[in-house]
Amino acid sequence: MKIPYSWLEEINGRLPSPGELADLLLSAGLEVEETLPLACPFSKVVTARIIAMETIPGDLHNLLVRVEAGSLGNFQVVSGAPNLAVGLVAPLALPGSILPGLVIERRTFNGLESEGMLCSRAELGLEKELLPLGEEGVAVLPEESPLGADLGGLLTLPDTLFTIKVTANRPDWNSVLGIAREIAVFTGEPLRPLLEFHGREDPTPASTLVAVEVEDPLLCLRYLATVICDTRIQPSPLWMAGRLWKSGMRPISNVVDATNYVMLEVGQPLHAFDLDQVTERRIVVRRARPEETLVTLDGANRTLAGSVLLIADPQKPLGIAGVMGGLNSEMTSATRNLVLESAFFQNASIRRTSRLLGLKTEASERFVRGVSHHSVEEGSRRATAMLSTLAGGRVPAGRVDCGQPPPPKRLRLRPERTNQVLATDLSREEIYTSLDRLGFSPTGATVFEVESPPWRQDLHEEVDLIEDIARLIGYDRVPRRMPAGPLRRGQEPPWRRKWPEWRSFLLGQGLTEVVTAPLVPPEWNTFTFLKVDQPLASTIDARGQALADRPSMVLRNPISPERSALRLSLLPSLLQVVATNQHRGHPLFGCVELGKAYRWRGEEELPDEPRLLALAVAVRTEADWQGGIREMSFFRLKGWLETLFNEELRFQTIPYEHALHPGRSAALFHKDRLVGVFGEVGPALGKRFALKEGVLLAEIAIESFLAQAMPLFQSFSRFPAADRDIALVVSTDTPYSQWEQVIREAGGPLLEEVAFFDRYQGENIPPGTISLAFSLRFRNSERTLAEAEINRAMVSIECSLADLGAVLRSR
Amino acid sequence: MSKHPAGGYLAAGGYLAAGGYLAAGGYHPAGQKELHSDWAIIAQDQLAEECRKTESLSQLEELRVRTLGKKGQLTALLRRLGDLPSEQRRDAGARLNHLKQSLEAILAARAEVLEEAAISRRLLAERVDVTLPGFQVRVGHRHPLCRTLEGIEDIFLSLGFDIVEGPEVEWDSNNFEALNMPAEHPARDMWDTYYITERMLLRTHTSPVQIRTMKTRKPPIRVIAPGITYRHEAIDATHMDIFYQVEGLVVDRGISFANLKGVLSLFVAEAFGPERITKFVPSYFPFTEPSAEMMVSCGLCGGEGCSGCGHSGWLEIMGCGQVHPQVLRNCGIDPEDFTGFAFGMGVERIAMLRFNIPEIRLFLENDSQFLKQFP
Ligand SMILES: [Zn+2]
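What follows is the structure, encoded as structure tokens:
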């Protein structure tokens, strides 16, 4: 909230400088977000009333105007303003006055002396809200303004404006009085009495003029109604307009301004409405009936639900309790008699209504945070008196009061518990003094009994008092100490230990780590990637078709469609990163993310949040300046995956339609569980993201690879190995893996390693076939290999291969 | 210089040919003339001269073959020793062998010189322009957010905090109710919330992990809970609807507000440097009391006040406080027996302060121009 320093000064008396006050407020728990000096844009400008005007011979544009300026005397000025009239009160800039961009001097027009200037609002450099009248010419000031008074002084300029952040637990701080009270607790200086207003009393009892009936006392804990008769709606005095304007409220008219002023002052939202529009002058506080409608002050026709609390008369709703009044009872210039409502509505009810209607107002926000019986009474009393004073009305005696304030809340405070929680050694006396300064009226011998001040709604248990004592003595009084406990390093989840290893490998290959948003456009969840980390059966049905995805989660209240669904895969997010960088002209080679996907499991269960490792890398061939070639391809990526997860990984063609290239993608299995997918981006997806180069993708559920087995030594042979090459011509229909398996099985225990080193198709090889070349390494663990042993193994391999239709090419 | 330098000093111009003590002027056939020791010196000098003229190891080898090889001149002389009378043979043999050793030494010395020269020539030929660029190794970058997060985690791990996790999609009850915010509690407005269903939401803070931890672990508890959190909030330079937090929770007997100040001040010293000081000011969170905001002295101005810290000299780093007794009770822990403290910090904010990053949006945008600045 915004609070002018000058207003606090009026209540607190002597105050530290604005900067020091901001520090004091911070240590009290009130964060001053901004300290804004408000300059006075002019000097030597006073209020003056026009007492006479005469034309100037030969001058059709200007008039000679005589004004009176109180004790300063009378002046004559030459003015050409179109709105001049006898009786009008306007700002007069005296000779020597400095306005924005203008210095006023005694001047002579056609032989007539002009002793200053009548100013427009713009010439004074003031906001329109502050001086709303007389836009067409000289600013029109309220008639009651004292004459000859310094205009800057009336507006209390210069000033300093604080913007203070009030925490949700202290609604009483949402007022000038509340802040002033807190300052007094900390400075120890007593508050000055508030500016008192004395309205014209009328012996007629208010209860004869208005009746109030509260149907739902749980939602409306208190309803205070007062009546002001024969009011005259007009602009507010300058000092009040100035305060409202500085506090961020637009001055409107004396009646509206008075309720706003008192709301700022004591924190109580007030609602004034036209008593003559209330049927039978009877106010009913009740819940809305189904389908009931009301046109609110903002002109909206609102359909209400049964949970909404209404202010009504026997015939119609007059307003939504605590949120906004109805247009039908709005005060107009014709309003003579008005009723002033000061109420205590249950905060949960107002919060529900405000959210239901999507309508937040200054009043609703305050009711949500909470008012007190104290603020209800103070608000009613002060606003009624102020209205009567400013709007010239009569105040019928008494008030209509529904609801009873509860007895003050009593709490206990143990001094030793206080010292335990804060690790301090405060004496009983110091604790007593603190409680006393906080207004808790402590009593008791060993344990203090305290009484919650009427404006405090936030005190529930002992710790609330301990916090207040800590605030008052200052958090700096609490020492810094390490907790006792065993010395050990904390434990971390297995993935966090593993991830840095995997990441350094991938960063070493040139990939960059990225972090993308889990909220994505719902469209991204329609791309058919394999949903990894699922038992095979749950993702693919008997015909090899992907089962329909479980519904992806969509937010009920997204801020934009682009961030409205929780992702099912990280891959679209990574493609977006690749695409964005490509389009900005600085393509990434590749990126990797360890993140989560989110899978709906129904309303009764929280979704599954598997942690996935995903990467995207450009298909690219690059040469260095000496002609060396480096290629990023499907098989290089496969090599990375094999290196990273060097366990029993199985790669399998994906048997159904998929967002990846159908001929260059594979599902990854680990122990019959589908754990990953990888391959090249298919054409449709490439087009969707407007990719300028091929991209390889991989997504792997890491859960299966986190087991941390301690490596155990295994003995190895020191006898020499022997290498033999073998090349075979086979049909292109048989997968490579079959041939490697045959060789391994037929090679027997001496075959130590099978290295695939060539794949050739073309000249000398019949069409439909392909030549595969392997280098085989043999070793005997117990002795040096004999030539005959190797030959036997080779014959066995060759026979097995030949049996399956392979033609041996050479040795 | 001729290919066969001087035609061999032993053969033609040598002391043996001219006044050779064996062949001509010697004991044979006239045989009376004394074998003069000067001859050996002359032979050595001549060989040395020949050596100097050789320019390659192959020329030197030729010279060696002509002199000391199987058909070399000195070898021939040695063979002819047998022709001498036995009384002269011993003396002449000794002289010749001595001469042979001297000649070998001269050849070896020259060989060494020539070898060195050959190596030098090769190295010169192999010389490269060291200013040519090396082959570029493409190395990726760590994301600054991950780097910051892991840095924070490591500090707390070393202080004995376990890392625990909780789901990002949470129940309203864990995100609000158990944290002392029943339905329609005004403090709920401090967290604008994304909802999935009436009861299911995207957690607005990592604090529900406090609840999950206290319900599954018995004190002493010392954990941090890092992770993604969400706010239903318009995005601008300093606000993001998705961001990372690190939550901390300590529950044990006798945990005081002083322990909170101690641990968090130590954290700041580790994370920002020992010269940075901390200040705790009152704040409000429904699930802690007393609640505080921890501030760290501005690193740019050293606390003097600058535009980076809003001229206050201080930066807000995290909210913290003593665990509210009601929260302990909600988790089945007796607040008279156990007390605790909790804290929560925004990782983006710390990364922005650390790396001087002006906009929070940059983190999730992943522009390579941004990422490559952080090795
Ligand atoms: Zn600074």
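Residue numbers (numbering that gives the first Met the number 0), protein chains in the order written: chain A, 0 to 810; chain B, 0 to 374. All C-beta atoms, glycine included, are put in the ideal place defined by N, C-alpha and C.
- Nearest CB-CB separation between glutamate 183(B) and chain A: below the 8 Å threshold.
- By the criterion of at least three beta-carbon pairs nearer than 8 Å, the segment 289-307 of chain A is in contact with the segment 319-332 of chain A.
- Following the DSSP letters along the chain, one finds tyrosine 229(B) inside the beta strand (DSSP E) bounded by residues 220-229.
- The Cβ of threonine 237(B) sits no closer than 8 Å to any Cβ of chain A.
- Of the candidates Glu269(B), Arg211(B), Ser311(B), Glu274(B), Glu269(B) places its Cα closest to the Cα of glutamate 152(B).
- Within the segment 282-359 of chain A, complete alpha helix (DSSP H) segments of at least 4 residues are found at 346-356, given in chain order.
- Within the segment 593-653 of chain A, the runs of alpha helix (DSSP H) that reach at least 4 residues and sit entirely inside it are, in chain order, 633-643.
- Note on geometry: alpha-carbon atoms of arginine 198(B) and arginine 649(A) lie some 41 Å from one another.
- Applying a distance threshold of 7 Å between residue Cβ atoms and the heavy atoms of ligand 1 selects Cys297(B), Leu299(B), Cys300(B), Glu303(B), Gly304(B), Cys305(B), Gly307(B), Cys308(B), Gly312(B), given in chain order.
- Nearest in C-alpha terms to isoleucine 699(A), of all of Leu673(A), Asp201(A), Glu679(A), is Leu673(A).
- For histidine 582(A), the enclosing alpha helix (DSSP H) stretches over residues 570-582.
- DSSP, read as helix, strand or coil, puts cysteine 219(A) in strand.
- In the three-state scheme derived from DSSP, where H, G and I count as helix and E and B as strand, tyrosine 193(B) is classed as coil.
- Shown here for alanine 754(A): same chain residues with a beta carbon closer than 6 Å to its own, the five before and five after excluded, namely Ser774 in chain order.
- Interface annotation, threonine 417(A): not in contact with chain B, CB-CB separation never under 8 Å.
- Proximity of phenylalanine 155(B) to chain A, defined by a Cβ-Cβ separation below 8 Å, is satisfied.
- With the rule of 3 Cβ pairs closer than 8 Å, the segment 435-454 of chain A does not count as touching the segment 482-493 of chain A.
- Secondary structure at glycine 339(B): strand, using DSSP grouped into helix, strand and coil.
- Under the 8 Å criterion on CB atoms, glutamine 321(B) is classed as interfacial with respect to chain A.
- What glutamate 164(B) touches in chain A, judged by beta-carbon distance under 7 Å, is Pro492, going in chain order.
- Cβ atoms of phenylalanine 74(A) and glutamate 30(A) stay farther apart than 8 Å, at about 48 Å.
- With contacts defined by Cβ atoms closer than 8 Å, glutamate 181(A) and alanine 27(A) form a contacting pair.
- Positions of the beta strand (DSSP E) runs, each at least 3 residues long and wholly inside the segment 659-736 of chain A, are given as 659-669, 672-680, 694-700, 721-730 in order along the chain.
- Using beta-carbon distances, isoleucine 558(A) counts as an interface residue toward chain B, with a partner under 8 Å.
- One Cα belongs to leucine 510(A), the other to leucine 784(A), and the distance between them is close to 45 Å.
- The DSSP assignment places complete alpha helix (DSSP H) segments of no fewer than 4 residues inside the segment 407-477 of chain A at 414-421, 427-436, 461-472, in order along the chain.
- Look at the beta carbons and you see the segment 222-242 of chain B not touching the segment 447-467 of chain A: under three pairs across the two are nearer than 8 Å.
- If you check the CB distance, threonine 338(B) and isoleucine 254(B) come in under 8 Å.
- At least one beta carbon of chain B lies nearer than 8 Å to the beta carbon of valine 514(A).
- For the options Arg411(A), Ala483(A), Ser780(A), the alpha carbon positioned closest to that of leucine 464(A) is the one of Arg411(A).
- Taking the Cα of serine 332(A) as reference, the smallest distance to any Cα among Asn253(A), Val137(A), Phe718(A), Leu565(A) is reached at Asn253(A).
- Close to chain A, meaning a Cβ-Cβ distance shorter than 9 Å, are the following residues of the segment 124-142 of chain B: Leu131, Pro132, Phe134, Gln135, Val136, Arg137, Val138, Gly139, His140, Arg141, His142.
- Taken through DSSP and simplified to helix, strand or coil, arginine 381(A) comes out as helix.
- Any Cβ of chain B closer than 8 Å to the Cβ of proline 719(A) would place that residue at the interface, and such an atom is absent.
- The straight-line gap separating the alpha-carbon atoms of aspartate 273(A) and aspartate 400(A) is approximately 19 Å.
- What methionine 189(B) touches in chain A, judged by beta-carbon distance under 7 Å, is Ala167, going in chain order.
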